[in-house]
Structures are given as structure tokens and as C-alpha cells.
Amino acid sequence: MGKKTLWKPESDFFLQQILQNISVEGGNMAQPGVQMQGPEPYGAHGPRQQYFSPYSWNGGTVLAIAGEDYAVLACDARLSEYFSILSRDSPKRYKLTDMTVLGCCGFHGDVLTLTKMLDARLKNYKHEHNKTMSCKSIAAMLSTVLYYRRFFPYYTYNILAGLDEEGKGCVYSFDPIGSYEREVYRAGGSASALLQPLLDNQIGMKNMQGVQRLPVPKEKAVALVKDVFISAAERDIYTGDQIIINVITKDGIQEESFPLRRD
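Here the working numbering is used: position 228 in the sequence shown is 531, and no number is missing along the way.
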């Protein structure tokens, strides 16, 4: 048998002619007189860049309902990122005073920074004025704090619940840059799109005709909160593990927990 000879590109006359007529400019292989179409390869104009995002989404859901002489604020305890659960015991409620509770979720780093700042301001106010700041005043202060960071906002969903000067329940909802309003009920966070329609139907009586709008009793509000969180945990992967319910009355804040699904 004869010796096998491997084919080499240099031995092909036509291939040599093609290679001589091709020039490489800016990462594109272009034949003289012919304009190449399409984008240039990634990284042709410089090194590969790595970009840092200052925000992260850690999930969580908060909900608040205001009654005649009470307010209810509920949240879940799951702290997650993408498809990983970082903690199963990270409640989103923060007690500010004996009559005011803040529900805060979103980017956990901003949540901790914001709540620590509010706690420091409330302590300073109490030392200077020898009294506790009211829920209405706390809402105004929180709005100022959020607006101050409007060019680099806190990535948080904030709902404030408590009692006003007349002893009635009050709920304040905020947007990321400080706009706020007083409401009867509000849901925020990852499962807000699931909870808000249920609250509109059961408490707001939206899209109903011929129904008598009566104040919601405290027991019914707590039972409703449990039901809507159980439903949300079935559909939202960022809500689960357990629900923490804070009931605010003139006697103080009562807290209870209720298990949710853990998967």
C-alpha cells in the first residue's frame, strides 16, 4: 500500500488565492471591495465588561388592613433570591412604636438600611420631645426619607399600619420615591398582584351592586389575611414558609404566626 498524504491548505492553489484577497479589519473578515453585513463579534472594540447592579430582588409580601379600632399588618417570612431560599425566618414587619408597625420588603439590604434609619430618627425624636411620634407623623417622615433618595431610591415596598390620634386604624402605602396616601387596605411585594384583587372584592366590595358596606370585624380581617396568604403561597415562589400577623389595638400589638407551604 502507498503512503497516505494529508491534505494541507497551503497545497491548494485556489485556497491560497482566496486567503491573499481577504483582509481582517476591526474583527471582521472583509474582502476588498465587498462590505460585510451584520454585527461585529462581541468584544471586537475592547475587553469584555462586567457590570455591577446595586440592587437585588429578595421577594416577600406585605399586607395591611385598617378597621374601626384596629389595624392588621401581615407578612411572610421567606427571604429568597432567584430560585434559592436564603432564609425561612426573615419577617418583613418592623415595630416602630407601640402603635405603629412598618411592613417593608424588596431588596433586603435597603430594607435594613431604611428601618435602622427610621429607628434612629424615632429614638432621637423621643429624646428631644419626650413623646412618641404618631403614625401620621411617621408616614410624613418616611415620605421625606424616601424622597431624599429619589435619584438612587431604596428598592423597597413600604406599608405603614397603626392607629391615628382618634384611635382608628390607618394604613399608608408608599411608592419608591416617597409619594404616599392613606388607604383602608393595601398589599405590596411579590404577590401583591394576587392579593390586591381579593382585598378589592372582600373588603372594598368593588364591582358589587346592592351590597351594604359594613366595617370589617377584626376576627374576619385576620381570617381573610390567612386565606389570601395561603392562596398566594400556592402561586408565588417568593412567598411562603410562614405568615406573621400583627394586630394593632389601643392595648398594644398582638402577634401570631401561621405556617405556609415550604416549597
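Just so it is clear, CB atoms sit at the ideal spot from N, CA and C, and this is done for glycine as well. All figures in this text were calculated on a predicted structure; none of them were measured in a lab.
The Cβ atoms of G555 and V365 lie no closer than 7 Å to each other.
In the assembly as shown, Y451 is an exposed residue. Its beta-carbon has fewer than 16 other beta-carbons within 10 Å. By the beta-carbon neighbour count (other beta carbons within 10 angstroms, threshold 16), Y475 is buried. Three or more Cβ pairs drawn from the segment 542-554 and the segment 367-376 lie within less than 8 Å of each other, which places the two stretches in contact.
Bounds of the beta strand (DSSP E) holding K398 are R396 to T400. Relative to the Cα of C408, the nearest Cα in the group D422, K529 and Y460 belongs to Y460.
Around H411, the same chain offers N361 and L382 as residues with beta carbons nearer than 7 Å, after the five sequence neighbours per side are excluded. At the C-beta level, L527 and D544 stay beyond 7 Å of one another. T542 is classed as buried because its beta carbon has at least 16 other beta carbons within 10 Å across all chains shown.
Using a 10 angstroms sphere on the CB of R489, the tally of other CB atoms reaches 16 or more, which defines it as buried.
A direct Cα-Cα distance of roughly 10 Å separates M508 from L517. Taking the C-beta atoms as reference points, Y397 is found no nearer than 7 Å to T416. Note on geometry: alpha-carbon atoms of T403 and Q353 lie some 43 Å from one another. By the C-beta density criterion, A536 is buried, having at least 16 other C-beta atoms within 10 angstroms. For L502, the secondary structure class from DSSP, reduced to helix, strand or coil, is helix. For N549, the enclosing beta strand (DSSP E) has its first and last residue at Q545 to T552.
The shortest C-alpha to C-alpha distance from S393 to any of S387, A380 and Y385 is the one to A380. For I368 against I506, the beta-carbon gap comes to about 7 Å, under 8 Å, which counts as contact.
Closest in alpha carbon position to Y385, among A524, T400, G363 and E371, is G363. Its Cα nearest to that of K439, the residue E484 stands out among R424, E484 and Q512. In this structure, G406 keeps its C-beta atom at 7 Å or more from the C-beta atom of L449.
When secondary structure is reduced to three states using DSSP, G412 falls in the helix class. Rounded to the nearest whole angstrom, the C-alpha separation of Q499 and F561 is 20 Å. In its chain, beyond the 5 residues on either side, L421, N461, L463 and F477 have a beta carbon closer than 7 Å to the beta carbon of L445.
Residue pairing from DSSP places P562 in a beta bridge opposite Q545.
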